[in-house]
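2 protein chains.
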Amino acid sequence: MKGRLYGVGVGPGDPELISIKACRILQMADVLAAPSSSVEGTDIALDIASYYIKPSTEILHLPFPMTSDRTVLEQQWDKNARSLQERLDLGQNVAFVTIGDPMIYSTYIYMLQRLAQLGYDIETIPGIPSFCASAAAAQMPLGKGGDAITIIPGDPQKVLDAQSGISSTLVFMKPSGHGRKIARMLAQAGYRNVTLISHAGQRGQKIWRDISAADWEDIDYMSIIIARKDE
Amino acid sequence: MKGRLYGVGVGPGDPELISIKACRILQMADVLAAPSSSVEGTDIALDIASYYIKPSTEILHLPFPMTSDRTVLEQQWDKNARSLQERLDLGQNVAFVTIGDPMIYSTYIYMLQRLAQLGYDIETIPGIPSFCASAAAAQMPLGKGGDAITIIPGDPQKVLDAQSGISSTLVFMKPSGHGRKIARMLAQAGYRNVTLISHAGQRGQKIWRDISAADWEDIDYMSIIIARKDE
């Protein structure tokens with residue numbers, strides 16, 4: 000039987016800000032896969048995870064070069080995915096650690112996309128993103144009431160992009176009352192990947208990849224739409 | 000000695016997706032303050048917290064009415080803040096629980112703002128937001144590379160607002176290389192509250208409320224700017 004790949008968010012940096020679930024996964028993993036590069040931050044994920052793994056856990060360092068050369072990157076991502084594949088084919092459970100949340104600007108995303116396509120069994124454990132820890136530290140709300148929140152990585156050009164509607168991800172919290180309206184607006188704005196998730200990570204979790212199939216009368220408060228233009 | 004108020008994010012719903020730190024705070028709290036309303040979701044925070052508190056912990060239910068009448072809301076928030084104040088003045092440590100992250104669309108924010116103004120000792124424990132758990136469940140990246148991410152609550156009108164630059168919060172990840180440029184752009188765009196946080200929740204954490212005072216040559220990768228138009 001093949002092993003399972005876990006993408007484990009270890010949180011923003013404080014080893015206490017990891018979830019109980021992430022700890023449990025780290026403790027049962029056979030292999031701890033850690034992205035390594037010359038950039039500060041990647042080693043922090045490994046440092047945090049090291050608190051929680053059992054002594055027999057093998058550590059697999061995967062290089063993620065800091066370059067904008069797409070060809071170099073793609074080749075290395077393919078190579079790293081093959082290293083993970085080898086372990087999974089041996090029946091080993093592999094925990095790939097990322098700082099913060101695995102779905103926000105992580106190298107894990109590139110592994111997930113390759114291995115999901117090959118049919119491997121994958122589970123992602125969310126983590127506390129650094130902007131939540133930052134807001135908590137600063138006692139500064141990220142969003143109140145109907146505020147929209149835009150997350151922008153490095154390049155400030157993105158401010159302009161966000162302002163002219165080029166945000167690639169839109170997250171709608173509590174969309175149930177406006178479901179049909181949102182679906183219509185997103186289609187018009189060219190968002191092709193519109194996913195509805197209700198009760199994420201809880202009993203009764205449901206995911207609609209085609210939100211036109213959702214029965215909005217039955218969908219309650221605890222739901223979220225994530226819309227992306229690509230993929 | 001007065002007690003301390005903790006804003007505790009209990010995560011997206013799965014009791015295992017709470018942080019070790021949140022558990023520790025819940026276990027030592029004298030009073031568990033739980034927002035209660037007719038809306039599903041508020042009771043989930045209490046349910047999750049109940050797993051972790053000690054039997055002697057008193058539970059304080061605070062009503063947060065679901066109304067858009069600002070006067071009614073303000074009166075109730077003032078009243079709830081006074082209930083918390085009473086406990087803190089008795090020297091009790093109070094954990095106010097919220098589902099998800101306390102800085103994202105929570106009722107805690109209104110308590111924090113009132114009690115901080117009165118000089119109470121407050122600590123906020125970040126949590127995993129529901130959109131991270133949703134993205135993990137859906138195996139759907141929230142942001143890759145230079146993607147901007149916009150979080151939009153309920154009303155779809157916010158899509159239009161975000162697209163015309165009315166996002167009230169902008170989060171810049173890894174701004175260090177562009178620090179001065181970002182500061183200039185934000186000032187021009189009317190963002191008055193621009194805060195730089197480095198190493199949030201870690202040793203060496205630093206917060207700059209006036210980013211013109213930041214020495215960008217000394218600020219590394221592990222930093223974030225949160226910019227807001229109000230406050």
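Chains W and S, in that order, are what the protein sequence lines are. Sequential numbering from 0 applies to the first sequence in numbering that gives the first Met the number 0. Sequential numbering from 0 applies to the second sequence in numbering that gives the first Met the number 0. All C-beta atoms in this analysis are idealised placements derived from N, C-alpha and C, irrespective of residue type, glycine included. Treat the numbers as computed from the prediction; the structure is a model and nothing was measured.
#1: Looking at residue 142(S) and residue 101(S), is the spacing between their C-beta atoms short of 8 Å?
#2: Closest by CA to residue 131(W), which one among 138(S), 144(S), 105(S) and 136(S)?
#3: If you draw a straight line from the alpha carbon of residue 205(S) to that of residue 180(W), how long is it in whole angstroms?
#4: Considering only DSSP beta bridges, list what residue 95(W) is partnered with.
#5: Quick one: is residue 141(S) near chain W, going by C-beta distance under 8 Å?
#6: Since I believe residue 175(S) is in contact with residue 222(S) (beta carbons under 8 Å), could you give me their beta-carbon distance rounded to a whole number of angstroms?
#7: Taking residue 20(W) as part of the alpha helix (DSSP H), name the residues at either end of that continuous run.
#8: Extract the residue ranges of the alpha helix (DSSP H) inside the stretch 83 to 142 of chain S, only unbroken runs of 4 or more that lie entirely within it.
#9: Take the Cβ of residue 53(W) as the centre, count every other Cβ of all protein chains shown within 10 Å, and call the residue buried at 16 or more, exposed below.
#10: Specify the secondary structure class of residue 205(S) as computed by DSSP and reduced to three states.
#11: Report the CB separation of residue 82(W) from residue 59(W) in whole angstroms; it is logged as a contact under 8 Å.
#12: Drop a sphere of 10 angstroms on the beta-carbon of residue 55(W), count the other beta-carbons inside from all chains shown, and report buried for 16 or more, exposed for fewer.
#13: Alpha carbons only, please: which of 99(S), 22(S), 84(S) and 98(S) is nearest the one belonging to residue 111(S)?
#14: Closer than 9 Å, Cβ to any Cβ of chain S: which residues of the stretch 122 to 133 of chain W, in chain order?
#15: Report the neighbours of residue 138(W) on chain S: residues whose CB is nearer than 8 Å to its CB, in chain order.
#16: Assign residue 65(S) to one of three DSSP states: helix, strand, or coil.
#17: Between the stretch 8 to 27 of chain S and chain W, which residues of the former have a C-beta closer than 9 Å to a C-beta of the latter?
#18: Taking all protein chains shown into account, do 16 or more other C-beta atoms lie within 10 angstroms of the C-beta of residue 146(W), making it buried, or fewer, making it exposed?
#19: I need the boundaries of the alpha helix (DSSP H) containing residue 16(S), first residue and last residue.
#20: Identify the continuous alpha helix (DSSP H) that holds residue 183(S) and give its terminal residues.
#21: Are the CB atoms of residue 170(W) and residue 97(S) nearer to each other than 8 Å?
#22: Skipping 5 residues on each side, what residues in its chain have a beta carbon closer than 7 Å to that of residue 103(S)?
#23: What does the alpha-carbon distance come out to for the pair residue 18(S) and residue 47(S)?
#24: Taking DSSP's pairing of strands, which residues face residue 79(S) in a bridge?
#25: Would you list, in chain order, the members of the stretch 76 to 100 of chain S that have their beta-carbon closer than 7 Å to a beta-carbon of chain W?
#26: On a Cα-Cα basis, can you pick out the residue from 78(S), 124(S) and 138(S) that is closest to residue 113(S)?
#27: So, are the CB atoms of residue 51(W) and residue 26(W) less than 8 Å apart?
#28: Which first and last residues belong to the beta strand (DSSP E) in which residue 149(W) is found?
#29: Give the straight-line distance between the Cα atoms of residue 28(S) and residue 133(S), rounded to the nearest whole angstrom.
#30: Identify the contact partners of residue 70(S) in chain W, using a Cβ-Cβ distance below 8 Å as the criterion.
#31: How many angstroms separate the CA atom of residue 214(S) from the CA atom of residue 1(W)?
#32: What is the C-beta distance between residue 64(S) and residue 199(W), in whole angstroms, given that I count them as a contact (C-beta under 8 Å)?
#33: Under 8 Å Cβ-Cβ, which residues of chain W neighbour residue 33(S)?
#34: Kindly indicate which three-state DSSP category residue 168(W) falls into: helix, strand or coil?
With the given structure in hand:
#1: no
#2: 105(S)
#3: 43 Å
#4: 6(W) and 32(W)
#5: yes
#6: 6 Å
#7: 19 to 27
#8: 107 to 116 and 129 to 137
#9: exposed
#10: strand
#11: 7 Å
#12: exposed
#13: 84(S)
#14: 122, 123, 124, 125, 126, 127, 128, 129, 130, 131, 132 and 133
#15: 111, 115, 121 and 123
#16: coil
#17: 8, 10, 11, 12, 13, 14, 15, 16, 17, 18, 19, 20, 21, 22 and 23
#18: buried
#19: Element bounds for residue 16(S): n/a, residue is neither H nor E.
#20: 178 to 187
#21: no
#22: 128
#23: 12 Å
#24: Note: residue 79(S) sits in no beta bridge, so no partner.
#25: 100
#26: 78(S)
#27: yes
#28: 148 to 152
#29: 30 Å
#30: By Cβ distance, chain W contributes nothing, its closest Cβ being about 15 Å from residue 70(S), past 8 Å.
#31: 51 Å
#32: That pair is no contact at about 27 Å.
#33: Result: empty, since nearest Cβ-Cβ is about 17 Å, beyond 8 Å.
#34: strand
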